[in-house]
Each structure stands twice: as structure tokens, then as C-alpha cells.
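Here is the structure we will look at, set down as C-alpha cells.
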Amino acid sequence: MRILVIAETDGVGLRQGSRSAVQFAREVAAKNGAELQLLVIGYDQRAVAEQVAAYGPVLLADAPTLEHPIAERYATVIAQAANNTHASLICAAATTYAKDVLVRAAGLLGGTMATEVVGHEWSGDKLLLRRPMYAGAVTATVTLSGPFPTVTVRSSAYPAAEPLPAPEPVTAIDVDANLIPVTTQYGGLASKANTRPDVTEARIVVSGGRAFKTTEEFEQYVGALADRLHGAAGTSRVLVDAGIVPNELQVGQTGKIVAPELYIALGISGAVQHLAGMKNSKVIVAINNDPDAPIFEVADYGLVADVREAVPELLDKLA
0 MRILVIAETD
10 GVGLRQGSRS
20 AVQFAREVAA
30 KNGAELQLLV
40 IGYDQRAVAE
50 QVAAYGPVLL
60 ADAPTLEHPI
70 AERYATVIAQ
80 AANNTHASLI
90 CAAATTYAKD
100 VLVRAAGLLG
110 GTMATEVVGH
120 EWSGDKLLLR
130 RPMYAGAVTA
140 TVTLSGPFPT
150 VTVRSSAYPA
160 AEPLPAPEPV
170 TAIDVDANLI
180 PVTTQYGGLA
190 SKANTRPDVT
200 EARIVVSGGR
210 AFKTTEEFEQ
220 YVGALADRLH
230 GAAGTSRVLV
240 DAGIVPNELQ
250 VGQTGKIVAP
260 ELYIALGISG
270 AVQHLAGMKN
280 SKVIVAINND
290 PDAPIFEVAD
300 YGLVADVREA
310 VPELLDKLA
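Per numbering that gives the first Met the number 0, the very first residue in the sequence shown carries number 0; after that it's consecutive.
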């Protein structure tokens, strides 16, 4: 039996979310005795693959046609690797990448899939998976039958796997260029410079909500506090819909799921969709001028105050 973990890298090594997927795979393998392998896809990725090998044996699919993460190409490679290794389980972090790529791979394989898994247990030799539904209001327990069961794992649900005492080998696998679809062509990447960490990987996240009416105001309070704490800036959906904050900062059911050590909610009322994305944070601090705001129901520490008055005081204390 083999578990194939689809590795997401940052150009240097394994991303935090993929380390959580490795931890899930290790726990499953410890029960059923499966062999764990990580799949790295890209071009000129040997050095990166050698860093990933700190977490387990690596299969490296390296080819010029894989230089850019085009979903249909990567999905084809994943399906080929799963077939060739006779993978009994395929898993990855529950990220935007996985939503685009892994779903396609599961379709190519004719497999079954469970997304956003937050826990697992065993019933005899059957793996049971827990995943939230209805914005986290209920948790479903499911099992996958048939070939090539595929799973995405919430990084907030599993700790990041620790490196092994010694790196495992990296094995290059053949990429059949004739089977790689080329109907989609890479047109370029437009991105904004960001000196802050990603909200899904930061130890501290400071998020702002409806209280902030402009981008400048958001940066003045939310951005400033995030920078002072060396954390990430996040937001609720209302500011994204208003065009005040880019959608990559959105935390919630339709945004990113986070579980930092400290989550500070500034002027966020706490709609159920937002709570679904951050309620597993280790410590939650809420500042809101509405004493009845739902955010206080999940907060460990709450302050009823105007964020425009409270944040400058916090910044002074942290200076």
C-alpha cells in the first residue's frame, strides 16, 4: 500500500499546508503500514525536491512542460504517478491549488474524493474521515470506496510534520510529454509585492471587518498592528466585496481557513461564514463596539471598544 502526498513548494521547500498533509499521511500509514511518498512537480526542481525529502521519499516529475502550474498538466502527472505507484490513497493540503488540480486528477482516475478533512478514525481496517458541512455547523463522517481515494486536509486540523532524522531519496519519474495536454497555455503571472506572511501560514493573524471604510484606513489600523506583531493581515468577506481589500486576504468559508496561535479580529461582527474560517485559532482576541457581536462567543479575550481608539493604544504599548 502506498500513500501519495502531493507536495506544494514555495521555491525552497515544503509549504506549511503540505507538512500538515504529510502528518495526516503519517498517521494513516502508522495504522495500515502503507509506504509514504511525496510527489514534486515542476521544472528544474531537483534542489527543492531534495529539501522536501526531509519529510519522506520523493518522486520528482521534472519537465519543461511543467514549469508553470497549469491545472490540466499537473492533474495528468498526478494521475500517471498514482497509476504507476498503485497508490492506495492520494492526499494534499486543502488549498486553492488542490481545489483546481487535485479534483481534476481524481476525475481522471475515476476515484472518490473527500475535501477539507479535519480528522480521521478507524472502524476496523476502514478509514473514516471527518469533514465540516454547512459552514462548520455539522461534521460529517464519510468513507471512500473504490480505486484511488483522494483527500484534501485542512492545515488547521493537523500539526505540521517534523523533518525526519535523515533525508530520504529523490527518484525522478518519467514524464510522457505525449500525454501532457497543451490546450491551455501559460500567459504570465501578475502579483503584488507583499512583505507579510500568508494568512494560512502565519503564527499571528490580524483581521479587519466592516469597521474599515477604505484601503488606507485598513492599512492604518489592521496593517499597522499586523506589522508590529510580525503577523499577517486578513479580512472578512465584506471588505473584499467592497473592493477595499484583495480576496487573497479573505478568511472564512469562502476564503482561507486559518488556525494561528493568535487571531485578532478588529471590527468583525462574526458571521457564521467568517467563524468557520478562524474558530480553531489557538487564542482569539476580538475588539468590537457592539457588545452583542457574535465574535465574542468564540473569543478568548474580548474588548468592547472603537477599534480606532483601541488599536493606537495597542500600538503604543507594543512600541
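Glycine residues also receive a C-beta, built at the ideal position from the N, C-alpha and C atoms.
Predicted model only: the values in this text are computed from it and were never measured.
Item: Segment contact flag, the stretch 193-207 with the stretch 260-275, C-beta cutoff 8 Å, min 3 pairs; Value: yes
Item: Per DSSP, cross-strand counterpart(s) of Lys281; Value: For Lys281, which the question treats as bridged, DSSP gives no partner whatsoever.
Item: Beta carbon of Thr138 nearer than 8 Å to that of Thr114; Value: no
Item: Delimiting residues of the alpha helix (DSSP H) encompassing Leu101; Value: Thr95 to Leu108
Item: Beta strand (DSSP E) segments (min. 3 residues) lying fully within the stretch 16-48; Value: 34-41
Item: Distance CB(Ala24)-CB(Ile40) smaller than 8 Å; Value: no
Item: Bounding residues of the alpha helix (DSSP H) (the contiguous stretch that carries Leu120); Value: According to the sequence shown, residue 120 is Glu rather than Leu. Per DSSP, Glu120 belongs to no alpha helix (DSSP H); it is in the beta strand (DSSP E), Gly118 to Ser122.
Item: Per-residue burial, Arg153 [other beta carbons within 10 Å of its own, 16 or more giving buried]; Value: buried
Item: The stretch 267-284 in contact with the stretch 129-149 per 3-pair CB rule at 8 Å; Value: yes
Item: Buried versus exposed call for Arg45 [16 or more other C-beta atoms within 10 Å across all chains shown]; Value: exposed
Item: Under 8 Å between C-beta atoms of Ala201 and Pro259; Value: yes
Item: Option nearest Thr149 by Cα separation, candidates Asp124, Pro162 and Ala86; Value: Ala86
Item: Where the beta strand (DSSP E) through Ile2 begins and ends; Value: Arg1 to Ile5
Item: Straight-line gap, Asn246 to Arg236 (C-alpha atoms, nearest Å); Value: 8 Å
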